[in-house]
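Each remark here refers to the structure printed beneath this line.
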Amino acid sequence: MSLVNFTMREITCKIVYYGPGRSGKTTNLHYIYGRVPDARRGRMVSLATQTDRTLFFDFLPIDLGQISGFTTRFQLYTVPGQVYYNATRRLVLQGADGVVFVADSQARQLDENLESLQNLQSNLLEHGVDIRTVPLVMQYNKQDLPRELILSGADLDDALNFRGVPSFSADALHGQGVFETLKGISELVLKKLAAGSAA
Amino acid sequence: MTTALHPKYSFDTFVVGAANRLAVTAGRTVAENPGTAYNPLFIYSGSGLGKTHLLMAVGHAAKKAAPALSIEYLTLDEWVEAFHAAIAAGQGDAFRRRFQNVDVLLVDDVQFLTNRKEMQSELLRLTEALQTAGRQIVLTSDRPPPQIADLDERLISRLSGGLVVDIGVPDYETRVAILRRKSEERGVRFDPGVLETVAGAEFANVRELMGALNRLVAFQAVNEASVTPETAKRILGLSPAAAPVAAAASSGGPGRPGGADEFGAFLADVTVTVGKAVEAWRARVTEAMLRWEGEGYRTQRLPPRSTPRSPSSRTTWSDSRRSSPKSPSSIPRPRATAYSAIRSAWVKRSRRRPGCARAGRRRPGRRRPFRSWRSRWGPRMRSR
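Line by line, the protein sequences are chains A and B. Counting in the numbering used here, the first sequence runs from 249 upward without gaps. Counting in the numbering used here, the second sequence runs from 221 upward without gaps.
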């Protein structure tokens with residue numbers, strides 16, 4: 249999906265925020281949307297139900313401008329987290345250059361996190377993509393909640409991050425760790441692009 | 221001939237803010253990977269915003285990372301002077317060799333190339349030689365390459381080929397940080413609010429800011445009384461309205477991630493990553509072009525075509541100019557494929573060669589009689 253067009257001098261990357269329902273994927277995008285200057289962002293498309301649950305997906309295009317002569321664009325997507333929207337998730341995941349797995353740090357949500365991670369793996373496999381080859385970072389969201397309700401970053405690393413990908417503690421509502429996560433995934437994606445074009 | 225690097229001008233003493241973060245990141249990257257990251261690196265800014273400091277900091281950091289590297293810092297005027305001296309002594313070639321063997325060359329104040337055609341071609345040659353040998357060149361100027369008057373087009377494109385970054389005027393927070401650091405370095409303490417007052421008076425550059433600080437330091441030393449924000453305003457001739465609301469500006473809310481600058485920092489980091497990738501691609505494309513040119517192929521970009529391609533296509537041979545309003549009445553031509561374009565170029569070329577079997581289009585009705593190799597040479601060979 250990722251596009252490096254030498255003639256047009258364009259780089260376009262698709263980054264998908266994946267994770268269980270109510271983990272804060274859309275909140276991540278809203279925070280980024282609020283911080284990007286007007287001239288650099290496109291219209292954020294969000295299809296939500298009356299209770300603000302993502303119905304189809306959210307889409308936020310960001311134009312990073314000319315970098316080393318290349319017009320660089322990022323397209324950020326979220327998937328609906330609820331279990332019964334799997335077909336949509338699979339569709340949004342198609343052609344993703346990088347995936348941010350947004351995990352809910354609450355201890356009682358651990359099973360949902362694991363289930364969603366397995367779902368990510370199987371949906372990628374449906375597209376013929378091995379999860380080990382896709383740039384992936386973990387974001388442990390809601391770290392602002394009381395200590396007794398949540399698992400720490402280290403605990404979540406033990407439970408979810410068995411592949412040892414970069415992980416970030418975050419509080420997407422207030423923006424803590426949001427741009428760090430985006431930076432982490434962008435670097436992985438761009439490095440993979442560079443390596444891919446070398447091969 | 222060259223100037224020694226000033227020991228104080230390092231990255232440790234460079235106050236980084238939103239206005240210069242990109243330039244500093246690029247400088248650090250270059251110092252860590254000389255010759256590979258951005259080559260050449262071109263830094264421009266107004267006077268007194270830290271170009272020379274940054275340039276020398278790159279030199280220090282590169283030396284620290286690899287002590288064996290040879291690093292030269294000089295201003296353009298010094299370089300020109302050295303060149304003239306070398307030419308006068310008949311040592312032009314030795315001069316060129318000397319600079320071509322420098323691992324990291326730092327050239328300050330390149331804007332003085334205006335109206336120096338000979339030095340421009342000399343710099344072009346030097347830049348090419350250094351790039352080919354994988355050596356780093358970093359240049360600074362008070363304006364970007366295309367705005368340097370009377371600069372050779374080839375040199376403009378060469379200097380713009382690496383990374384061109386600018387250093388902006390520092391924002392309020394950076395000005396406060398600079399003033400704090402400088403007064404700490406001098407061991408001078410001011411009353412609370414004084415430095416914020418100075419930082420609030422928008423000076424055009426850091427040098428003027430330092431001048432204002434010097435006046436306060438001198439005033440405090442002479443009068444043996446501490447300067448208050450009000451006296452500071454009086455000494456510096458600032459109107460009361462120019463004073464900032466220091467407390468409001470400095471406290472953006474505890475624990476909150478840093479405001480609008482977050483996107484800027486993100487952009488700076490992505491720029492470095494993309495820059496590295498693009499540099500590697502460029503190197504590979506150049507290598508491929510040289511190889512094919514060596515084998516006699518022409519490797520220029522194909523000319524732009526006005527016919528738009530279908531939106532589904534990913535790579536395209538046409539240029540970005542295709543969307544320009546270009547004579548809608550022009551007769552639509554079938555779009556040539558890459559293969560046919562290359563073939564027609566080859567045929568055109570071969571027509572120029574006399575005696576070539578494919579030279580010229582054969583006229584109808586004048587068919588050349590076919591003779592096989594055997595029918596031409598057969599009888600003569602047989603007669604032997």
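Every residue, glycine too, gets a C-beta built ideally from N, C-alpha and C. Small disclaimer: the values here were computed from a predicted structure and weren't measured.
By the neighbour-count criterion, in which a residue is buried when 16 or more other Cβ atoms sit within 10 angstroms of its Cβ, B:Thr295 is buried.
Under DSSP, B:Asp232 forms no beta bridge with any residue. When C-beta distances to chain A are compared with 8 Å, the residues of the region 491 to 521 of chain B below that value are Thr491, Thr493, Val494, Gly495, Lys496, Ala497, Val498, Glu499, Ala500, Trp501, Arg504, Val505 and Arg521, in chain order. Contact between A:Val327 and A:Val340 is confirmed by a C-beta separation of about 5 Å, below the 8 Å threshold. Only those residues of the region 314 to 328 of chain A whose C-beta falls short of 8 Å from the nearest C-beta of chain B are listed: Ile315, Ser316, Gly317, Phe318 and Thr320.
Nearest Cα to A:Phe318 within the set B:Pro366, B:Lys283, B:Trp501 and B:Leu261: B:Trp501. Of the residues B:Gly382, B:Asn335 and B:Thr334, the one whose Cα lies closest to the Cα of B:Thr347 is B:Gly382. Among the CB atoms of chain A, one or more fall inside 8 Å of the CB of B:Phe483. Residue pairing of B:Val327 in beta bridges, as defined by DSSP: B:Leu294 and B:Leu359. The C-beta of B:Glu292 has 16 or more other C-beta atoms within 10 Å across all chains shown, which makes the residue buried.
The Cβ neighbour count for A:Thr299, taken over all protein chains shown within 10 Å, is under 16; the residue is labelled exposed. Listed along chain B, the residues sitting closer than 8 Å to A:Lys439 by beta-carbon distance are Thr493 and Ala497.
Residue environment: B:Ala497 is assigned as buried (16 or more neighbouring CB atoms within 10 Å of its CB, all protein chains considered). Within the region 350 to 412 of chain A, the beta strand (DSSP E) runs of at least 3 residues that lie entirely inside it are, in chain order, 384 to 389. Around the beta carbon of B:His280, a 10 Å sphere encloses 16 or more other beta carbons of the protein chains shown; the residue is thus reported as buried. A straight-line Cα-Cα distance of about 60 Å links A:Tyr333 and B:Val330. In this structure the region 260 to 270 of chain B lies against the region 356 to 366 of chain B, because at least three pairs of beta carbons, one per stretch, are closer than 8 Å.
Restricting attention to A:Ile259, A:Val284, A:Gln354 and A:Ala335, the CA atom closest to the CA of A:Arg395 is found in A:Gln354.
Inter-residue distance for B:Ser230 and B:Glu422 is about 25 Å (C-alpha atoms, whole angstroms).
Spatial neighbours of B:Ala277 in its own chain (CB-CB distance under 7 Å, excluding positions within 5 residues in sequence) are listed in chain order as Tyr229, Ser230, Phe231, Phe234 and Gly247. Between B:Phe486 and the set B:Thr245, B:Met509 and B:Ala452, the nearest pair of CA atoms involves B:Thr245. Listed as beta-bridge partners of A:Arg289 by DSSP are A:Ile310. Inter-residue distance for B:Leu379 and B:Ala503 is about 15 Å (C-alpha atoms, whole angstroms).
B:Thr223 carries a strand assignment under DSSP once its states are collapsed to helix, strand and coil. Under a criterion of Cβ atoms nearer than 9 Å, the residues of chain A adjacent to B:Asp489 are, in order, Lys431, Ser434 and Glu435.
In this structure, DSSP gives A:Val264 an extended state, which the three-state scheme calls strand. Here A:Val385 is actually not in contact with A:Tyr265; their C-beta atoms are around 10 Å apart, not less than 8 Å. Under a 10 Å Cβ-count criterion, B:Ala282 is classified as buried, with 16 or more other Cβ atoms of the shown protein chains found around its own Cβ.
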